[in-house]
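Chains as they are written, first to last, in the numbering used here: chain B, 53 to 127; chain Z, 17 to 489.
Glycine is no exception: its CB is placed at the ideal position from the N, C-alpha and C atoms.
Reading through the structure tokens given below for one structure.
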Amino acid sequence: MLLSDLKIQEKAEIKAIRVSGRQGRRLLDLGFIPGTIIKAIRKSPLGDPVAYRIKGTVLALRKEETDLIEIRRIE
Amino acid sequence: MGLTRSGLNKENINMDNYITKRGKLDYFLPPDIQEEIRAQIVGDIYQEAEKIANKVLISPGEESALENRLDDLLTSRWLGFPLMLFLLAFIFWITIVGANLPSEILASGLFWLEGKISLFFYWLQAPGWLHGILVHGIYRTMAWVISVMFPPMAIFFPLFTLLEDLGYLPRLAFNLDNLFKRAGSHGKQALTMSMGFGCNAAGVISTRIIDSPREKLIAIITNNFVPCNGRFPTLIILASIFMHASFNNTYNSLLAAAVVVAFVLLGIIITLAVSWALSRTLLKGIPSTFTLELPPYRKPQIGRILLRSFLDRTLFVLSRAVLVAAPAGAMIWILANTGFNGSNFIQHLAVFLDPFARLIGLDGFILLAFILGLPANEIVIPILLMGYLSSGLMMEPESLDSLQRILIANGWTWVTALATMLFSLLHFPCGTTLLSIKKETGGLKWPLFTFFLTTAIAISVNFLLVQFLKIFL
């Protein structure tokens, strides 16, 4: 399952980042690390980007990025 | 690879070890394993940081219910955009309503002082031309700039800084990102555009927050389509006196605010259209990544807002305007007081420009005012009045009524006002902005490109509008 499939108010655990290089490192630096818990908070008015709560901060990501993050939904 | 998470994850890890370890690993290992190790190292650093943070921090937990509700409202599907426009209109309205009285007081004070300075010059028996250049040229231009610009800035900038301080601007970027993505540019362009409302030169410098060079250039080139503080007075004054002169005051100011918001919207639409066109032609490329933090709302610190907006914005923009306006005022005085065949140079130039200016809904004097106003947009209206009156003096600012009478006497209709506002929104950036573009892009290519692109767009849009209105009127 990908982060982009996560619905609002759902929680998930990050499994893997599917991109390497600069982009992958940037996501790592922001705290997108396997094992981290992430929650989808809200969509922007046009549906994309989506805001996620991760490690106590709220980050907005475009679908292009959330398509690269593998997750496992948790209850 | 024998490295596992638990293998690396020991108690009391020394961060320095990682750096030396990482250097050695980078040297010996294939890239995919490097990546894996990097992920583990970053993960461990985070775990360690969390451990430390948990010891010393009382957990802030999830965001408060109020904050959640506020965010739901401000970024909601139906209300997100209307609320954005409403906030903008509200700020303009307060600026329009609040700026009038202090503007009049400042003007009368500064022109009282001018009388005293003139007396001093007579007492010195200074030659007429010296008094003309210094008092009627330089001092009077500066007095115009200060009395017209200072009150709206002193109201607009603190209000805008308040929005910034509250944390609204990241929500704005969040709301608008999708449009910018479709245009092939960056969501943070919404932030650099917001800066542009204050000053386009500042907006151009603020594009440093955009990493991708391609998207940064797009943001730089299009920043001028956001009306800056130097152009707001022009838009506000013309909107106030032409679009609805017959209403009473409250309607007046509300409608003027609505017209200004309409122009801002038009500016945003043109920004998106030009960004779209650029990222499909000259500046081809796919949108880069976008990650934007939405920080918690903060309680605004009123004292700091007032001080910071006054020092960093109001004084900065005003001093710049005054510095540019002073020599421009001297030059305009000279142009208006020298000439041949019974007319001064301003009149000759205006007659020369007139046929072309008519095609785009302006007249020779208006176009000349825009050209002479290149150093600073805020002196366009003063130059225009000076040209119309051709008394060789820049007129004293009085009430908006007298301004309207002068414009109507010179053949203005609401179409002229509309065309002038449109040209003001779209035309070439001011000298300072062009210099900032040169500094940011490191050459003459992009400032020149921006100059010609914006001017071409202004001329075509104005031409189309005028021809369109001719058919229907």
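Would glutamate 309 of chain Z pass as an interface residue toward chain B - the criterion being a Cβ-Cβ separation below 8 Å? Answer yes: the Cβ-Cβ gap between glutamate 309 of chain Z and chain B drops below 8 Å somewhere.
Whose C-beta lies closer than 6 Å to the C-beta of serine 92 of chain Z among residues of the same chain, with five residues either side of it excluded? So no residue of the chain qualifies.
Could you confirm whether any beta carbon from chain Z is found closer than 8 Å to the beta carbon of aspartate 81 of chain B? Residue-level contact by beta carbon holds for aspartate 81 of chain B and chain Z, with a gap shorter than 8 Å.
Counting only C-beta atoms, is arginine 94 of chain B closer than 8 Å to chain A at any point? Looking at the structure shown, chain A is missing, and the protein chains on hand are B and Z.
Between which two residues does the alpha helix (DSSP H) containing valine 151 of chain Z stretch? Where valine 151 of chain Z is concerned, there is no enclosing alpha helix (DSSP H), given that its DSSP letter is neither H nor E.
I'd like to know if phenylalanine 97 of chain Z contacts chain B, where contact means its C-beta is closer than 8 Å to some C-beta of that chain. Closer than 8 Å: yes.
What distance in whole Å lies between the Cβ atoms of leucine 388 of chain Z and alanine 373 of chain Z, which are believed to be in contact at a cut-off of 8 Å? Going by Cβ atoms, the distance from alanine 373 of chain Z to leucine 388 of chain Z rounds to 13 Å, so no, they are not a contact pair.
Indicate whether at least one CB of chain B lies closer than 8 Å to the CB of lysine 461 of chain Z. With its beta carbon at least 8 Å from every one in chain B, lysine 461 of chain Z lies outside the interface.
May I ask you to list the residues that DSSP assigns as paired with isoleucine 90 of chain B? Beta-bridge pairing links isoleucine 90 of chain B to B:Ala64 and B:Ile106.
Which bits of chain Z does isoleucine 85 of chain B rub up against, with CB to CB less than 8 Å? Here the neighbours are Ala55, Val58, Gly59 and Tyr62.
Taking the continuous beta strand (DSSP E) assigned at arginine 124 of chain B, which residues delimit it? For arginine 124 of chain B, the enclosing beta strand (DSSP E) begins and ends at 121–126.
Interface flag, threonine 91 of chain Z vs chain B, CB-CB below 8 Å: So yes, threonine 91 of chain Z belongs to the interface.
May I ask which residues mark the beginning and end of the beta strand (DSSP E) holding threonine 307 of chain Z? Looking at the DSSP string, the run of the beta strand (DSSP E) that includes threonine 307 of chain Z is 307–309.
Listing by chain order, which chain Z residues have their CB less than 9 Å from the CB of threonine 100 of chain B? Reading off the sequence, residue 100 of chain B comes out as aspartate, not threonine. Proximity of chain Z to aspartate 100 of chain B at the Cβ level (cut-off 9 Å) is accounted for by Asp193, Asn194 and Lys197, in chain order.
Can you check which of these residues, B:Ile126, B:Ile121 and B:Arg125, is closest to arginine 70 of chain B by C-alpha distance? Its Cα nearest to that of arginine 70 of chain B, the residue B:Ile121 stands out among B:Ile126, B:Ile121 and B:Arg125.
Using Cβ-Cβ distances below 8 Å, what residues of the region 100–116 of chain B are close to chain Z? Per Cβ criterion, the list reads Asp100, Pro101, Ala103, Arg105, Lys107, Gly108, Thr109, Val110, Leu111, Ala112, Leu113, Arg114 and Glu116.
Thinking C-alpha only, which one of B:Leu58, B:Glu65, B:Ile60 and B:Asp57 is nearest arginine 124 of chain B? The shortest Cα separation from arginine 124 of chain B among B:Leu58, B:Glu65, B:Ile60 and B:Asp57 belongs to B:Glu65.
Element boundaries [alpha helix (DSSP H), containing isoleucine 162 of chain Z]: For isoleucine 162 of chain Z, the uninterrupted alpha helix (DSSP H) segment begins and ends at 156–182.
Would arginine 38 of chain Z pass as an interface residue toward chain B - the criterion being a Cβ-Cβ separation below 8 Å? For arginine 38 of chain Z, the pLDDT reaches just 49, beneath the cut-off of 50, and the residue's location in the model is therefore unreliable, leaving the point undetermined.
Just the Cα atoms here: how many angstroms apart are tryptophan 94 of chain Z and proline 97 of chain B? Rounded to the nearest angstrom, the two C-alpha atoms are 7 Å apart.
Am I right that leucine 182 of chain Z and arginine 314 of chain Z are in contact with their C-beta atoms under 8 Å? What's the rounded C-beta distance? Going by Cβ atoms, the distance from leucine 182 of chain Z to arginine 314 of chain Z rounds to 7 Å, so yes, they are a contact pair.
Going along chain Z in order, which residues have a C-beta closer than 8 Å to the C-beta of serine 72 of chain B? Taking the beta carbon of serine 72 of chain B as reference, the chain Z residues within 8 Å of it are Pro47, Asp48 and Glu51, listed in sequence order.
Could you name the residues of the same chain whose beta carbon sits closer than 8 Å to that of threonine 471 of chain Z, not counting the 5 residues immediately before and after it, in chain order? Residues His443 and Phe444 of the same chain have their beta carbon placed closer than 8 Å to that of threonine 471 of chain Z, with the five preceding and five following residues left out of the count.
In whole angstroms, what separates the C-alpha of tryptophan 160 of chain Z from that of asparagine 116 of chain Z? Distance between the alpha carbons of tryptophan 160 of chain Z and asparagine 116 of chain Z: 14 Å.
Check whether chain B comes within 8 Å of aspartate 181 of chain Z, counting only Cβ atoms and requiring the distance to be less than that. For aspartate 181 of chain Z, the answer is no, since every Cβ of chain B falls outside 8 Å of its Cβ.
Does DSSP put asparagine 426 of chain Z in a helix, in a strand, or in coil? In the structure shown, asparagine 426 of chain Z sits in coil (DSSP, three-state: anything other than H, G, I, E or B).
Here's the rule I'm using: 16 or more other beta-carbon atoms within 10 Å means buried, otherwise exposed. How should glutamine 205 of chain Z be labelled? Glutamine 205 of chain Z should be labelled buried.
Does the structure place the region 163–173 of chain Z close enough to the region 284–297 of chain Z that three or more beta carbon pairs sit under 8 Å? Segments in contact, no.
For leucine 334 of chain Z, name the three-state secondary structure that DSSP assigns. For leucine 334 of chain Z, the secondary structure class from DSSP, reduced to helix, strand or coil, is helix.
According to DSSP, is alanine 112 of chain B part of a helix, a strand, or is it coil? In the structure shown, alanine 112 of chain B sits in a strand (DSSP, three-state: E or B).
Give a yes or no on whether the C-beta atoms belonging to leucine 308 of chain Z and proline 186 of chain Z are separated by under 8 Å. Taking 8 Å as the Cβ cut-off, leucine 308 of chain Z and proline 186 of chain Z qualify as a contacting pair.
Determine the DSSP secondary structure at lysine 300 of chain Z, reduced to helix, strand or coil. Reduced to three states, the DSSP call for lysine 300 of chain Z is coil.
Stretch pair the region 342–356 of chain Z + the region 205–222 of chain Z: three plus CB contacts closer than 8 Å: With a cut-off of 8 Å on Cβ pairs, the region 342–356 of chain Z is not in contact with the region 205–222 of chain Z, counting fewer than three such pairs.
Under 8 Å by Cβ, that's how I've got isoleucine 171 of chain Z and glycine 114 of chain Z pegged, so tell me the actual separation to the nearest angstrom. Here isoleucine 171 of chain Z really is in contact with glycine 114 of chain Z; their C-beta atoms are around 5 Å apart, less than 8 Å.
Could you name the residues of chain B that threonine 305 of chain Z contacts, counting a contact when the two beta carbons are closer than 8 Å? What threonine 305 of chain Z touches in chain B: Gln75, Arg78, Arg114, Glu116 and Glu117.
Decide if alanine 433 of chain Z is buried, meaning its Cβ has at least 16 other Cβ atoms within 10 Å, or exposed. Buried: at least 16 other Cβ atoms inside 10 Å.
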